[in-house]
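Engineer: Below is the structure I would like to discuss, written out as structure tokens.
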Amino acid sequence: MNYNVNEKGYYGEFGGAFIPEMLYPNVEELRQNYLKVMAEPSFQQEFNQLLKDYVGRPSPLYFAKRLSEKYNTKIYLKREDLNHTGAHKINNTIGQILMAKRLGKTRIIAETGAGQHGVATATVCALMGLECIVYMGEIDIARQAPNVARMKMLGASVIPAKSGSRTLKDATNEAIRDWINNPVNTHYIIGSAIGPHPYPDMVTRFQSVISEEIKSQLKEHEGRENPDYVVACIGGGSNAAGTYYHFLHEEDVNIIAVEAAGHGVDSGESAATSILGKEGVIHGCKTLLMQTNDGQITEPYSISAGLDYPGVGPMHAHLCKTGRAEFMAITDDDAMNAGLELCKLEGIIPAIESSHALAIFEQKPFKPDDVVVVSLSGRGDKDLQNYIDYFKI
Numbered sequence: 043m044n045y046n047v048n049e050k051g052y053y054g055e056f057g058g059a060f061i062p063e064m065l066y067p068n069v070e071e072l073r074q075n076y077l078k079v080m081a082e083p084s085f086q087q088e089f090n091q092l093l094k095d096y097v098g099r100p101s102p103l104y105f106a107k108r109l110s111e112k113y114n115t116k117i118y119l120k121r122e123d124l125n126h127t128g129a130h131k132i133n134n135t136i137g138q139i140l141m142a143k144r145l146g147k148t149r150i151i152a153e154t155g156a157g158q159h160g161v162a163t164a165t166v167c168a169l170m171g172l173e174c175i176v177y178m179g180e181i182d183i184a185r186q187a188p189n190v191a192r193m194k195m196l197g198a199s200v201i202p203a204k205s206g207s208r209t210l211k212d213a214t215n216e217a218i219r220d221w222i223n224n225p226v227n228t229h230y231i232i233g234s235a236i237g238p239h240p241y242p243d244m245v246t247r248f249q250s251v252i253s254e255e256i257k258s259q260l261k262e263h264e265g266r267e268n269p270d271y272v273v274a275c276i277g278g279g280s281n282a283a284g285t286y287y288h289f290l291h292e293e294d295v296n297i298i299a300v301e302a303a304g305h306g307v308d309s310g311e312s313a314a315t316s317i318l319g320k321e322g323v324i325h326g327c328k329t330l331l332m333q334t335n336d337g338q339i340t341e342p343y344s345i346s347a348g349l350d351y352p353g354v355g356p357m358h359a360h361l362c363k364t365g366r367a368e369f370m371a372i373t374d375d376d377a378m379n380a381g382l383e384l385c386k387l388e389g390i391i392p393a394i395e396s397s398h399a400l401a402i403f404e405q406k407p408f409k410p411d412d413v414v415v416v417s418l419s420g421r422g423d424k425d426l427q428n429y430i431d432y433f434k435i
């Protein structure tokens with residue numbers, strides 16, 4: 043079984059490029075060039091240099107001793123929260139800004155939910171001196187105010203999406219509309235492993251530095267490259283894609299994908315796509331999608347703005363359908379409590395997205411000698427108000 047994208051842009055039955063005619067030249071230009079550009083030694087060198095000197099990679103693989111003691115297993119945290127800008131998002135935006143420059147683009151657009159991808163995009167645009175426009179749902183702008191301020195300080199224009207649920211999917215719609223109107227000079231930096239081919243594969247490859255580092259770091263810690271489990275939270279799924287990439291075809295590595303169950307999978311307020319979704323097309327690709335019987339997209343809900351998405355990337359849809367990954371759905375309450383537990387046990391304040399991944403230990407037993415690597419995809423600074431409100435701190 044192949045879990046990577048095929049030459050037609052599909053992961054099994056998921057993927058492809060379902061795009062308006064107007065966007066065909068842009069997406070096609072990217073498709074024809076992305077692998078070639080990424081393979082160039084000068085690209086590799088610049089990308090790796092920036093990851094090292096600017097982002098601060100490699101990010102540590104940290105053995106969480108007290109957390110491990112509590113759950114009687116070996117828990118390692120891949121510390122993507124320690125990257126410059128506070129999340130995994132920067133890995134991909136560095137790669138894509140270098141790609142955009144090589145394709146001669148002068149204007150960058152992006153969509154953002156929690157704001158981490160928006161901040162990472164604004165950051166690399168400032169670094170490279172390119173114009174930056176970020177689309178963000180009006181509701182997300184309100185609940186992620188610190189990130190909005192960061193984007194503006196970095197010189198980006200933040201444009202509110204006021205249609206639909208006024209969250210991530212609506213911001214994405216606005217960004218696509220912009221791209222259709224400005225096809226020649228604009229590159230769209232998509233923040234997740236979603237969108238028309240080649241985006242899911244390109245984003246995954248830029249994020250795969252995560253699993254590449256895990257292998258060498260685990261060898262140092264445990265004398266072996268492969269953990270028993272790799273765990274990541276999943277919205278569109280870029281941190282997960284990067285965490286799984288080098289383990290996809292390693293049969294001894296179990297993959298766990300953690301979705302947001304919101305108020306409960308059956309509550310009508312959830313984002314558990316693997317359970318609630320069926321095949322559909324969103325934002326340029328065929329994937330699993332939460333929708334009504336007549337194909338209208340259902341509004342997702344999660345306390346975490348980054349997991350509040352009605353679909354999942356096509357690679358993850360394929361991992362779900364084939365059974366290669368085990369999908370778990372975690373409620374708001376369980377995620378918030380797991381986040382606070384990490385604060386108390388390890389002195390690390392995680393993003394609420396990452397807290398979903400940490401919550402599986404209450405639900406799933408592991409063996410004492412299992413090595414479980416969890417992607418700590420982001421830090422909790424942006425979520426302090428949510429934590430304060432939830433715990434009445």
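Numbering (the working numbering), first residue to last: 43 to 435.
Where a beta carbon is used, it is the ideal one built from N, C-alpha and C, also for glycine.
1) Just reading off the beta strand (DSSP E) that GLU264 is part of, what are its end residues?
2) Is it a yes or a no for the stretch 53-64 touching the stretch 109-119, going by three-plus beta-carbon pairs under 8 angstroms?
3) Taking C-alpha atoms, which residue in ALA282, GLY160, GLY310 lies nearest to VAL354?
4) Considering just the uninterrupted stretch of the alpha helix (DSSP H) at SER110, what are its terminal residues?
5) Relative to the alpha-carbon of ALA502, which residue among THR329, GLU383, ALA302, ASP336 has its alpha-carbon at the smallest distance?
6) Could you tell me which residues DSSP pairs with CYS275 in its beta bridges?
7) Go through the stretch 184-257 residue by residue and report every complete run of the beta strand (DSSP E) that reaches 3 residues or more, in order.
8) Could you round the C-beta distance between ALA213 and GLU153 to whole angstroms and report it? I think they count as a contact, below 8 angstroms.
9) Taking the alpha helix (DSSP H) that MET357 falls in, what are its first and last residues?
10) Thinking C-beta only, is VAL300 closer than 9 angstroms to THR285?
11) Which residue from LYS211, ILE256, HIS239, ASN75 puts its Cα closest to that of ASN48?
12) Could you give the C-beta distance for THR228 and ARG149, rounded to a whole number, given that I count them as a contact under 8 angstroms?
13) On the criterion of 16 or more Cβ atoms from any shown chain inside 10 Å, does TYR271 qualify as buried, or is it exposed?
14) Just list the residues that DSSP pairs ARG73 with in beta bridges.
15) Please state if the CB of LEU349 and the CB of GLU293 are separated by a distance shorter than 9 angstroms.
16) Under 8 angstroms from any heavy atom of the ligand SAH, does the C-beta of ILE232 make it?
17) From what residue to what residue does the beta strand (DSSP E) around GLU404 run?
18) Under 8 angstroms by Cβ, that's how I've got TYR96 and HIS126 pegged, so tell me the actual separation to the nearest angstrom.
19) With DSSP as the reference, identify every bridge partner of ALA367, one or two as the case may be.
20) Taking Cβ positions, are ARG247 and ILE297 nearer each other than 9 angstroms?
21) On the DSSP bridge list, what partners appear for ARG121?
Structural biologist: On the basis of the supplied data:
1) Looking up residue 264 in the sequence shown gives position 222. Not the beta strand (DSSP E): GLU264 falls in the alpha helix (DSSP H), residues 251-264.
2) The stretch 53-64 is not in contact with the stretch 109-119.
3) Along the sequence shown, one-based indexing puts residue 354 at 312. Looking at the Cα atoms, ALA282 is the closest of the given residues.
4) Counting from 1 along the sequence shown, the entry for residue 110 is found at position 68. 107-113 is the span of the alpha helix (DSSP H), which, as asked, contains SER110.
5) A query on residue 502 cannot be resolved here, the shown segment of the chain reaching from 43 to 435 and no further.
6) The sequence position of residue 275 within the sequence shown is 233, counting from 1. Paired residues: VAL300.
7) Fully enclosed beta strand (DSSP E) runs of 3 or longer: 199-203, 228-231.
8) Position 171 of the sequence shown, counted from the start, is the residue given in the question as residue 213. Position 111 of the sequence shown, counted from the start, is the residue given in the question as residue 153. Beta-carbon to beta-carbon, ALA213 and GLU153 are separated by about 4 angstroms, close enough to satisfy the 8 angstroms threshold.
9) Position 315 of the sequence shown, counted from the first residue, corresponds to residue 357. 356-364 is the extent of the alpha helix (DSSP H) around MET357.
10) On the sequence shown, position 243 is the one that residue 285 refers to. On the sequence shown, position 258 is the one that residue 300 refers to. Against a cut-off of 9 angstroms, the Cβ pair of VAL300 and THR285 comes out as no contact.
11) As a first step, residue 48 is located in the sequence shown; it is residue number 6 there, counting from the start. That would be HIS239, whose Cα lies nearest to the Cα of ASN48.
12) Within the sequence shown, residue 228 is the residue found at index 186, counting from 1. Within the sequence shown, residue 149 is the residue found at index 107, counting from 1. Between ARG149 and THR228 the Cβ distance is about 5 angstroms, and since that is below 8 angstroms, they are a contact.
13) Taking the first residue of the sequence shown as position 1, residue 271 is located at position 229. Buried, by the Cβ-count rule.
14) Sequence index remark: in the sequence shown, residue 73 carries index 31 (1-based). Bridge pairing for ARG73: absent [DSSP].
15) Sequence index remark: in the sequence shown, residue 293 carries index 251 (1-based). Sequence index remark: in the sequence shown, residue 349 carries index 307 (1-based). The answer is no: Cβ separation not under 9 angstroms.
16) Among the components of this structure there are no ligands whatsoever, and the ligand SAH is therefore not found.
17) Here residue 404 refers to the residue found at position 362 of the sequence shown. Careful: GLU404 lies outside any beta strand (DSSP E) and carries neither H nor E.
18) As a first step, residue 96 must be located in the sequence shown, where it is residue number 54. As a first step, residue 126 must be located in the sequence shown, where it is residue number 84. The Cβ separation is near 6 angstroms, so the contact holds.
19) Position 325 of the sequence shown, counted from the start, is the residue given in the question as residue 367. The partner list for ALA367 (beta bridge, DSSP) reads ILE297.
20) Along the sequence shown, read from residue 1 onward, the residue named residue 247 stands at position 205. Along the sequence shown, read from residue 1 onward, the residue named residue 297 stands at position 255. No; because the gap between Cβ atoms is not below 9 angstroms, this pair is not in contact.
21) Taking the sequence shown and counting its residues from 1, one reaches residue 121 at position 79. DSSP output for ARG121 lists LEU418 as bridge partner(s).
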